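Residue numbers (our numbering): 46 to 258.
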């Protein structure tokens, strides 16, 4: 067994928050706690996990909105994203008002991430890929033993992340996908920030935005 995961859709945006853990220790991290903390914490309890860390792919409200509250109330370190998303973290209160989310508590990451870094939970280590384009500081987490990636809003089944936000750029996003994700292998499955899971091979072949690249 070893590395385990469960997706918990949260917020009105149905953002795919993920709980990841090492089944030998039951030590866990949560990826992108955008909201609905009672649901998330009930799932942690149901699974018998010891929640130790918060990992962020990027700092949009539906992915990071509950981060500050969770970190404060549980004493958890915040890992990620890349420093390019500092301005999005600073804008979380404004984002929460704009999209009708509960007020987002301010926070500062305990550790910023860069391309080539690793993060660990229990005995499981995931690789970090910096994949800007949707946001400048977006990162992806790749777990090599199960060949699975958590890609946030970089890539979706049959689509890619929006690039019409401040400091978004479509060409940069495509370059991130083709140079940082495709080389990991067609067999890699992934959990996107929204919607169903897919694989890099399927998207490389048939995604209308990056298929054939």
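Every residue gets a Cβ at the ideal spot worked out from N, C-alpha and C, and that includes glycine.
Since the structure is predicted, the reported quantities are computational estimates derived from the model, not experimental observations.
Check for me: the beta strand (DSSP E) holding residue i runs from which residue to which?
i           : result
residue 235 : 234-237
residue 50  : 48-55
residue 188 : 184-188
residue 195 : 193-197
residue 225 : Element bounds for residue 225: n/a, residue is neither H nor E.
residue 64  : 60-67
residue 170 : 169-175
Would you give the residue range spanned by the alpha helix (DSSP H) that residue i belongs to?
i           : result
residue 103 : No alpha helix (DSSP H) holds residue 103; DSSP gives it neither H nor E.
residue 132 : 131-135
residue 87  : 82-92
Suppose the cutoff is 7 Å on Cβ atoms and the five residues either side in sequence are ignored; what does the same chain contact list for residue i look like?
i           : result
residue 126 : 101, 102, 103, 104, 158, 182, 183, 184
residue 61  : 52, 54, 236, 237, 238, 239
residue 116 : 99, 123, 152
residue 208 : 178, 179, 214, 215, 218
Would the beta-carbon of residue i fall within 7 Å of that of residue j?
i           : j           : result
residue 108 : residue 166 : no
residue 221 : residue 234 : no
residue 9   : residue 106 : Residue 9 lies beyond the range of the chain shown here (46 to 258); nothing can be said about it.
residue 160 : residue 174 : yes
residue 150 : residue 113 : yes
residue 195 : residue 172 : no
Give me, in chain order, the residues of the same chain whose beta-carbon lies closer than 8 Å to that of residue i; leave out the 5 immediate sequence neighbours on both sides.
i           : result
residue 249 : 227, 231, 255, 256, 257, 258
residue 168 : 47, 67, 69, 70
residue 88  : 51, 53, 64
residue 223 : 255, 258
residue 95  : 70, 71, 72, 73
Confirm the yes/no value for this check: CB of residue i, any heavy atom of the ligand ATP, distance under 6 Å.
i           : result
residue 183 : No copy of the ligand ATP appears in this structure; indeed no ligand is present at all.
For residue i, which residues of its own chain have a beta-carbon under 6 Å away from its beta-carbon, when the five flanking residues on both sides are left out?
i           : result
residue 50  : 63, 65
residue 272 : Only positions 46 to 258 of the chain appear in the structure, and residue 272 is not among them; the question remains open.
residue 198 : 179, 206, 238
Does the segment 164-180 come close enough to the segment 209-226 to have 3 or more Cβ pairs within less than 8 Å? Yes: the two stretches touch, three or more of their Cβ pairs being nearer than 8 Å.
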